[in-house]
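Residue numbers (mature numbering (1 follows the signal peptide of the UniProt record, and there is no 0)): -22 to -1, 1 to 167.
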């Protein structure tokens, strides 16, 4: 009986300690990252998410800042862009603004405060700056891009996809494909 009580107390202490660190992620927290760790040919960083349109114009700022969606999008961008670069190329990207697809509509009542409504008037938008260099450090391409997909609801391949960032990821995929496949074709000549 005494062993059971000690085991139960030890388990309760472990749960308490573990849950103390398990606070919900918040993209605007002071300790939240502002860049991915440096690895591979693609470096991705981002401006302060508190200045992103997603948060500044949100009808539910608390819900919009929850999670690690900025870091998740940055990791997706790095993974997709790495596939398109040729040996020796390096890509540096700074995400300057994000407005996720859909929006909160609080007028539907308190039961829907945390529901993101997908409508064609709320397309995903991402602004970024990038520099692509070759193995010797020469700039191949650079610029600023404002990505948007006003037809995001009409893509028939996405209804079965339940990823909450599927529209933003597709926006990044389309940009990477357009921007860097053409660069690789001209670089190979």
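Using N, Cα and C, we set each Cβ at its ideal position, and we do this for glycine too. Please read all numbers here as calculations on a predicted model, not as lab measurements.
What are the boundary residues of the alpha helix (DSSP H) that residue 85 is part of?
Careful: residue 85 lies outside any alpha helix (DSSP H) and carries neither H nor E.
Just the C-alpha distance for residue 52 and residue 117, rounded to the nearest angstrom, thanks.
Between residue 52 and residue 117, the C-alpha separation is close to 22 Å.
Output needed for residue 23: all residues of its chain with C-beta closer than 7 Å, excluding positions within five of it in sequence on either side, in chain order.
12, 13 and 72.
Where residue 62 and residue 18 are concerned, what is the direct C-alpha to C-alpha distance, given to the nearest angstrom?
Answer to the nearest angstrom: the Cα atoms are 13 Å apart.
Where does residue 29 sit, in a helix, a strand or coil, going by DSSP?
In the structure shown, residue 29 sits in a helix (DSSP, three-state: H, G or I).
Looking at the secondary structure, which residues open and close the alpha helix (DSSP H) in which residue 60 lies?
Note, residue 60: alpha helix (DSSP H), 47 to 62.
Would you mind sorting residue 99 into buried or exposed? The rule is 16 or more other CB atoms within 10 Å of its CB.
Answer is exposed; the Cβ neighbour count stays below 16.
Examine the Cβ distances between the region 34 to 49 and the region 66 to 84 and report whether three or more of them are shorter than 8 Å.
Verdict: yes, contact present.
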